[in-house]
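Report on one structure; see the data block that follows.
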Amino acid sequence: MNTAARSNYFFIMNCLFLALVFLGFAPSFYLKFLVSEQPFYPLGLPIPYIFHGIVLTVWYVFLVFQSGLIWSNKTGLHRQTGWFGAFWAVLVLASTWWVIQIFPGRMDQLAADLGQTIEELEPGLYFILWLDMFMSVLFAASVWLGINFRKKNETHKRLMLYSGLVFLFAATGRIGGTLSFLFEMEVGPAVGFVLLLGLTSSLLVYDYFKKGKVLPISWICFGFYWLAIILSFLIGNSEWGSLIIITLYK
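For my numbering, add 68 to where a residue sits in the sequence shown, where the first one is 1.
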């Protein structure tokens with residue numbers, strides 16, 4: 069099997085990631101000027117959110133570009149441009165932590181503007197904050213290990229794939245939220261869960277059919293990803309987990 073055929077899955081998946089990001093954030097970011105009414109940030113986005121959105125968009129475009137180079141067998145250029153990714157990953161982390169720092173205050177302001185409580189506006193606030201923190205750690209680990217294992221193609225590709233997957237929960241959550249808003253029924257959590265489960269499971273299926281077995285690195289990435297989600301949910305819904313968040317944001 070040639071290099072292009074081997075890499076076809078990763079190129080398609082990264083294109084799908086970018087498409088999901090666009091669909092998820094089109095109403096509140098990319099196409100906000102075309103949407104007269106939508107459920108997220110109706111009064112506009114703060115500058116840090118705009119900066120974060122641009123930085124993450126570039127990251128997903130970069131993943132498409134890099135996997136496209138491998139798909140077209142341009143490995144030399146892929147290696148040369150890879151160092152841009154290392155630099156940009158630092159911006160991704162910095163902008164993510166910036167947004168995490170202001171998110172609770174933003175929810176306070178937005179709830180007041182809309183005449184709602186934070187519980188009504190964002191009932192899963194603590195879960196989201198813990199998830200952001202856990203996924204930031206996974207992102208850093210995926211990129212750092214991806215760089216260190218850049219000469220081991222199968223490991224490198226899977227780690228970099230997860231560098232895109234880790235932050236997709238925000239896009240799938242927005243897609244679910246938009247569907248809930250449009251159809252006036254609470255389908256958001258179910259839609260987000262199904263999308264993320266399908267995306268993460270697809271690598272296991274790909275390995276099984278292309279390699280005859282699921283590679284250990286794929287199981288490791290899958291396991292840590294879902295462990296992060298489960299821990300975020302459990303900690304975010306615990307008294308001590310909520311207390312830590314409250315203490316941090318005093």
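By construction, the Cβ of each residue, glycine as well, lies at the ideal position given by its N, Cα and C atoms. Since the structure is predicted, the reported quantities are computational estimates derived from the model, not experimental observations.
- Distance between residue 119 and residue 159, taken at the CA atoms: about 10 angstroms.
- When the Cα atoms are used, residue 116 and residue 200 turn out to be separated by approximately 15 angstroms.
- In the DSSP assignment, residue 199 falls within the alpha helix (DSSP H) that extends over 193-216.
- In the three-state scheme derived from DSSP, where H, G and I count as helix and E and B as strand, residue 142 is classed as coil.
- The DSSP assignment places complete alpha helix (DSSP H) segments of no fewer than 4 residues inside the segment 250-290 at 256-279, in order along the chain.
- Counting the other CB atoms within 10 Å of its CB gives residue 172 a total of 16 or more, which places it among the buried residues.
- Between residue 249 and residue 268, the CB-CB gap reaches or exceeds 7 angstroms.
- Membership of residue 310 in the alpha helix (DSSP H) is indicated by the continuous run 307-316.
- By the Cβ neighbour-count rule, residue 95 is buried, with 16 or more other Cβ atoms within 10 Å of its own.
- Under the criterion of beta carbons closer than 8 angstroms, residue 296 and residue 203 qualify as touching, at roughly 6 angstroms.
- Looking from the CA of residue 125, the closest CA among 82, 148, 143, 137 belongs to 82.
- Rounded to the nearest whole angstrom, the C-alpha separation of residue 283 and residue 114 is 42 angstroms.
- Under the three-state reduction of DSSP output, residue 225 falls in the helix class.
- In this structure, residue 211 lies near residue 231, with their beta-carbon atoms less than 7 angstroms apart.
- Closest in C-alpha terms to residue 265, from the list 97, 294, 243, 215, comes 294.
- A Cβ-Cβ separation of about 7 angstroms places residue 217 in contact with residue 227 under the 8 angstroms criterion.
- Taking 8 angstroms as the upper bound for CB-CB distance, residue 240 and residue 92 are in contact here, some 7 angstroms apart.
- When the alpha-carbon of residue 132 is set against those of 306, 80, 270, the nearest one is in 80.
- Distance check between residue 313 and each of 154, 168, 258, 272 places 168 closest, using alpha-carbon atoms only.
- Residue 303 has its alpha-carbon roughly 18 angstroms from the corresponding atom of residue 257.
- Going by C-alpha positions, residue 165 is about 14 angstroms away from residue 234.
- The three-state secondary structure of residue 113, taken from DSSP, is coil.
- Rounded to whole angstroms, the Cβ separation of residue 285 and residue 223 is 5 angstroms, and the two are in contact under 8 angstroms.
- For a cut-off of 8 angstroms, the C-beta gap from residue 280 to residue 259 is around 33 angstroms, too long to register as a contact.
- Residue 77 and residue 274 have their C-alpha atoms roughly 8 angstroms apart.
- Contact check for residue 236 and residue 85: beta-carbon distance about 6 angstroms, within the 8 angstroms limit, so the pair qualifies.
- Taken atom to atom, the span from the alpha-carbon of residue 196 to that of residue 238 is near 9 angstroms.
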